[in-house]
Amino acid sequence: RARLAQQSLKDVLGGTVLPAVQRTAGAETEGFSQQSLSWERFLWAYGIACSRSFNISSFTNFPADFIGLFLFPAGDFLNHDPDASVAYVYEPDSREVVIRTLMPIRGGREACNNY
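Whatever position you read off the sequence shown (first residue = 1), add 6 for this note's numbering.
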């Protein structure tokens, strides 16, 4: 079953998404070799983006024309706690992305994210 699921995923992503990424990156990136984007590298990058990205719609103050996902360095380091009360905020003046706690965190306690 695992082999079938892996093959099915490769058929779906490898047959549609990977070639599109190769065409786009190859057309826009000098020195890019389409062959350098292997299935294994694609899966790694796809896994990173899916597991560590934040959705812009979760943040307040983002301009309306900003859509999609983005990587937020260090934001993905926070552990998950279903009871964590946080706000995701974009500060337009400083162009910073901030995760703020909405309740005090006692000294020695961990700051967590709720995803």
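Every residue, glycine too, gets a C-beta built ideally from N, C-alpha and C.
Starting from residue i, trace the alpha helix (DSSP H) both ways and give me its first and last residue.
i   : result
A93 : From DSSP, A93 is part of no alpha helix (DSSP H) but of the beta strand (DSSP E) over V92 to E97.
I54 : W45 to R58
Could you check what DSSP says for residue i in three-state terms: helix, strand or coil?
i    : result
F83  : helix
I62  : helix
L10  : With a pLDDT of 48 at L10, under the threshold of 50, the modelled position of that residue is not reliable, and the figure given next carries that caveat. L10: helix per DSSP, three-state reduction.
I111 : coil
R106 : strand
N120 : coil
Should residue i go down as buried or exposed, given a rule of 16 or more other Cβ atoms within 10 Å for buried?
i    : result
A90  : buried
G114 : exposed
I105 : buried
Measuring CA to CA, which of the options is closest to residue i?
i    : options                  : result
F72  : I62, R47, T66 and F78    : I62
N120 : R112, E102, D82 and V103 : D82
E116 : E102, R101 and V92       : V92
Could you give the residue range of the beta strand (DSSP E) that holds residue i?
i   : result
F76 : L75 to L77
Under 8 Å by Cβ, that's how I've got residue i and residue j pegged, so tell me the actual separation to the nearest angstrom.
i   : j    : result
H86 : C118 : 7 Å
Y96 : F65  : 5 Å
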